[in-house]
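Read through the structure below, which is laid out as structure tokens, and then see the notes.
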Amino acid sequence: MNYPVNEVFETIQGEGCFTGVPALFVRLQGCPVGCAWCDTKQTWDVLAENKVTPEQVIAVDGTIGRWANHDGVSLIAAFQAKGFTAKHIVLTGGEPCLYDLSDITHTFIAAGYGVQIETSGTFEVKCHQDVWVTVSPKINMKGGYKVLEQALVRANEIKHPIATQNHIDELDELLADIDLSGKTICLQPISQKARATELAMKTCIARNWRLSIQTHKYLDID
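So the sequence shown is numbered by our numbering: it starts at 7 and just counts up by one.
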């Protein structure tokens, strides 16, 4: 199965449970969720005029909004051609769960890679059972999509950006009927603001949750 890929690059995972792990980011094109603060708005639309050749999305600037069709096999070949050595693949977007990710995740795992999906939780998660699913629930966004119970139940990690107590209250309401045993809950201060960071730290200590800091922004890497 082919997927519209916006960009592929090797870096260090900057946030969540895999912070500090070398990673291959595969960013998929397409997202209707409409987050106001989104820093990858170039991935929202899959426009025919922006389609390029598969080689043109590997280790290049993805901010232009270009995309190309790839499947798992062609992406692994591209990793090898570029000499990428990371063994942890992050499928992100856009919204990767717009697509059935079963095929690509089975291909990656069969080839010996670990796989993580970063999703808003607004579309059903379809993937290999061994994939680590990170849900960053997007609540009351412009697109009008609800966070799905299926996505929350499937999640291994729930990573929630916060700025105020209201964001924590929204998360509590969302998770009220979800069995959280075996799941990691991360709070991520929005824009590393001091007030948000203090609130996140206080809440994580009180609840034995985990603080997620966007270390890639401090390191100035992708």
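Cβ coordinates follow ideal geometry from the N, Cα and C atoms, glycine included.
Rounded separation between residue i and residue j - CA only
{"i": "P28", "j": "G149", "result": "33 Å"}
{"i": "K57", "j": "L81", "result": "17 Å"}
{"i": "T125", "j": "H94", "result": "16 Å"}
{"i": "Q198", "j": "L217", "result": "11 Å"}
{"i": "P10", "j": "A84", "result": "15 Å"}
{"i": "P167", "j": "H173", "result": "8 Å"}
{"i": "D175", "j": "K132", "result": "28 Å"}
{"i": "Q171", "j": "Q19", "result": "27 Å"}
{"i": "L205", "j": "L53", "result": "40 Å"}
{"i": "K144", "j": "C41", "result": "8 Å"}
{"i": "A182", "j": "C210", "result": "17 Å"}
{"i": "E21", "j": "E55", "result": "33 Å"}
{"i": "Q62", "j": "G36", "result": "17 Å"}
{"i": "A202", "j": "I219", "result": "11 Å"}
{"i": "R213", "j": "C44", "result": "28 Å"}
{"i": "T25", "j": "A200", "result": "20 Å"}
Nearest neighbour of residue i, chosen from the options [CA to CA]
{"i": "C23", "options": "L186, E163, R213, P195", "result": "E163"}
{"i": "A169", "options": "A157, I196, P143", "result": "I196"}
{"i": "G89", "options": "G26, K144, I64", "result": "I64"}
{"i": "K189", "options": "A161, Q220, H112, I18", "result": "A161"}
{"i": "V32", "options": "A42, V121, G26, T203", "result": "V121"}
{"i": "V141", "options": "E61, T91, A212, L186", "result": "L186"}
{"i": "P60", "options": "T25, G26, V14", "result": "V14"}
Proximal residues to residue i (C-beta, below 7 Å), its chain only, five neighbours per side dropped
{"i": "D136", "result": "I115"}
{"i": "A117", "result": "I82"}
Rounded Cβ spacing between residue i and residue j (contact assumed at less than 8 Å)
{"i": "L193", "j": "W215", "result": "6 Å"}
{"i": "V39", "j": "M207", "result": "With 8 Å as the limit, V39 and M207 do not qualify as a contact, their Cβ atoms being about 28 Å apart."}
{"i": "G127", "j": "V96", "result": "Wrong, their Cβ atoms sit about 16 Å apart, outside the cutoff."}
{"i": "N8", "j": "D77", "result": "5 Å"}
{"i": "N12", "j": "L34", "result": "6 Å"}
{"i": "T113", "j": "V139", "result": "Not really, about 17 Å apart at Cβ, beyond 8 Å."}
{"i": "T111", "j": "H134", "result": "4 Å"}
{"i": "E16", "j": "A87", "result": "The pair is not a contact, with the Cβ atoms about 12 Å apart (cut-off 8 Å)."}
Residues of its chain near residue i, where Cβ-Cβ distance is below 8 Å and the 5 sequence neighbours each way are ignored
{"i": "I184", "result": "E155, L158, V159"}
{"i": "F129", "result": "E101, C103, L104, Y151, L154, A157"}
{"i": "S108", "result": "K132, C133, H134"}
Chain-order list of residues whose beta-carbon lies under 6 Å from that of residue i (same chain, five-residue window excluded)
{"i": "L177", "result": "H166"}
{"i": "I191", "result": "I164, W215"}
{"i": "Y6", "result": "What is shown of the chain runs 7 to 228, which leaves residue 6 out entirely."}
Would you call the segment 33-51 in contact with the segment 61-76, where contact means no fewer than 3 C-beta pairs closer than 8 Å? Touching, yes.
Under 8 Å, with one C-beta from each stretch per pair, do the segment 55-71 and the segment 101-121 reach the 3-pair mark? Touching, no, given that fewer than three Cβ pairs across the two stretches are closer than 8 Å.
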